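K.L.:
Sharing a structure here in structure tokens format.
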Amino acid sequence: MIANVSHDLRTPLTMITGYAEVMRDLPGENTPENVQIIIDEATRLTTLVNDLLDLSKLQSGTITLKPEPFSLTSCIRTILHRYDKLIDYRFDFQYDRDVTIVADELKITQVVYNLINNAVTYTGADKQIFLLQLVQNGRVRVEVSDTGEGIPQDKLQDIWERYYKVDKEHKRAQVGTGLGLSIVKTVIDLHGGTYGVQSVLGKGSTFWFELPLPEDESQL
Ligand code: ADP
Numbered sequence: 001m002i003a004n005v006s007h008d009l010r011t012p013l014t015m016i017t018g019y020a021e022v023m024r025d026l027p028g029e030n031t032p033e034n035v036q037i038i039i040d041e042a043t044r045l046t047t048l049v050n051d052l053l054d055l056s057k058l059q060s061g062t063i064t065l066k067p068e069p070f071s072l073t074s075c076i077r078t079i080l081h082r083y084d085k086l087i088d089y090r091f092d093f094q095y096d097r098d099v100t101i102v103a104d105e106l107k108i109t110q111v112v113y114n115l116i117n118n119a120v121t122y123t124g125a126d127k128q129i130f131l132l133q134l135v136q137n138g139r140v141r142v143e144v145s146d147t148g149e150g151i152p153q154d155k156l157q158d159i160w161e162r163y164y165k166v167d168k169e170h171k172r173a174q175v176g177t178g179l180g181l182s183i184v185k186t187v188i189d190l191h192g193g194t195y196g197v198q199s200v201l202g203k204g205s206t207f208w209f210e211l212p213l214p215e216d217e218s219q220l
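Numbering (the working numbering), first residue to last: 1 to 220.
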């Protein structure tokens, strides 16, 4: 774990130092593009460190959940708006009705965001992402599907582990921190929910989670 993290911290740090030195020594290299690379790498470092801290605090019980009633449906819609700038991606969100749950809104937002982010990263050339929210048997189920390469059956267990990446050499895998799904798993477990994935090679993956609904939603 420490070896993995150190490697991932070192890569952006090497880039930042390298670009900054070149810009200091060669005046012509002091370009907005090079500054942007430094900013992007620093942002990547921030995400990685934040994810690591979040996960360790959640798993050690240092932070407790702050459950409050909120609309899960609006939460998903708001997250989808963050992707408005990705105009060549198609997001399809189907839901049976507006659902209010009692949960830690920030943490659930992170779960949905991590799943959508993975779907955006790994979906196929058609750039489609499907979201579904269903109420059944006193629970709400959320599904996030993509049309990408899918995940081999023998890897479906491992991907929930901290720092696991199916294909470490692949460009796309280097984008993420390898912590997204462990955060999903930890947060959903802490809420007494269930989660899983179905995947067909060459056809795509569907990640889902289910949370209990409050006994009387109308009283919230
Ligand atoms: P990462 O930051 O690498 O995406 P995650 O914990 O979110 O970390 O995911 C772990 C690994 O699971 C990924 O590196 C990838 O190999 C695989 N994975 C996650 N989501 C998908 C998906 N929608 N399609 C294909 N592979 C996926």
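Beta carbons are placed, not taken as given, at the ideal position from N, Cα and C, and that holds for glycine.
Keep in mind the model is a prediction, meaning the values are calculated, not measured.
(1) Rounded to whole angstroms, what is the Cα-Cα separation between L52 and K66?
(2) In the DSSP assignment, find the unbroken alpha helix (DSSP H) run with P32 in it and report its ends.
(3) May I ask you to report which of helix, strand or coil DSSP gives V120?
(4) May I ask whether a heavy atom of the ligand ADP can be found less than 8 Å away from the beta carbon of I188?
(5) Roughly how many angstroms lie between the CA atoms of V22 and Y83, to the nearest whole one?
(6) How far does the beta strand (DSSP E) with R90 in it reach, from first residue to last?
(7) Using a Cβ-Cβ cutoff of less than 7 Å, which residues in the same chain neighbour S182 once the five nearest sequence positions on both sides are dropped?
(8) What span of residues does the alpha helix (DSSP H) with Y19 cover, start to end?
(9) Under 9 Å between the Cβ atoms of G178 and Y164?
(10) Beta-carbon separation of V112 and Y89 under 9 Å?
(11) Buried or exposed for G176, going by 16 or more other Cβ atoms inside 10 Å?
(12) Taking the C-alpha atoms as reference points, what is the distance between S74 and D146?
(13) Considering just the uninterrupted stretch of the alpha helix (DSSP H) at L80, what are its terminal residues?
P.N.:
In brief:
(1) L52 and K66: Cα-Cα distance of roughly 20 Å.
(2) For P32, the uninterrupted alpha helix (DSSP H) segment begins and ends at 32-60.
(3) Here DSSP, grouped into helix, strand and coil, assigns V120 to helix.
(4) No, Cβ of I188 sits at least 8 Å from all heavy atoms of the ligand ADP.
(5) If I take the Cα positions, the gap works out to 34 Å.
(6) 90-95 is the span of the beta strand (DSSP E), which, as asked, contains R90.
(7) Only L55, W160, E161, R162 meet the Cβ criterion.
(8) Following the DSSP letters along the chain, one finds Y19 inside the alpha helix (DSSP H) bounded by residues 2-25.
(9) Cβ distance < 9 Å, so G178 and Y164 count as in contact.
(10) No, they are not a contact pair.
(11) Answer is buried; the Cβ neighbour count reaches 16.
(12) Using only the alpha carbons, I get a separation of about 21 Å.
(13) Where L80 is concerned, the enclosing alpha helix (DSSP H) stretches over 72-81.
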